[in-house]
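Since the structure comes first, as structure tokens, the remarks are kept for the end.
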Amino acid sequence: MARKAKKRRYSRSAGSDVEREMRRYKKGTAKSGPGGRGGRVKSRKQAIAIGLSEARAKGKKVPKKKKTASKRKTAKKTAVKKKTATKKTKKSSKRKSGKR
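With the working numbering applied, the sequence shown covers 1 to 100.
In structure tokens form, the structure reads like this:
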């Protein structure tokens, strides 16, 4: 049985963008931050991420960024805080009909 060909996740041109960024990294001229105003890129992963984000900005075929676990945790915390805040306001808005 013949194997079914898989679709490409990244376009060839996106790969070339990453390749270009890796060359800069190996040369020591790759810089991070907006417009290359940040510090020097120190890891391969960072260089790859910069290349992919540049490809994304150009509109090339690159998968969407994955949300990190820490971002998900903070999102959950804020959602819980919002729920508790709305519950508190509901309770405090009710009037007690007491003797005057």
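Glycine included, each C-beta is placed from N, C-alpha and C at the ideal position.
- Proximity of the region 11-25 to the region 33-53 meets the contact definition, three or more beta-carbon pairs being nearer than 8 angstroms.
- Sequence-distant Cβ neighbours of Tyr25 in its own chain, meaning closer than 6 angstroms and more than five residues away, are Val41 and Ala47.
- The shortest CA-to-CA distance from Gly36 to any of Ile50, Lys27 and Lys45 is the one to Ile50.
- Residue burial is scored here from C-beta neighbours: Val62 has at least 16 other C-beta atoms within 10 angstroms and is therefore classed as buried.
- A direct Cα-Cα distance of roughly 10 angstroms separates Tyr10 from Ser16.
- The alpha-carbon of Lys77 is positioned some 42 angstroms away from that of Ala5.
- By the CB criterion at 7 angstroms, Ala55 and Ala30 fall outside the cutoff.
- In the three-state reduction of the DSSP assignment, Arg9 falls in the coil class, being assigned neither a helical nor a strand state.
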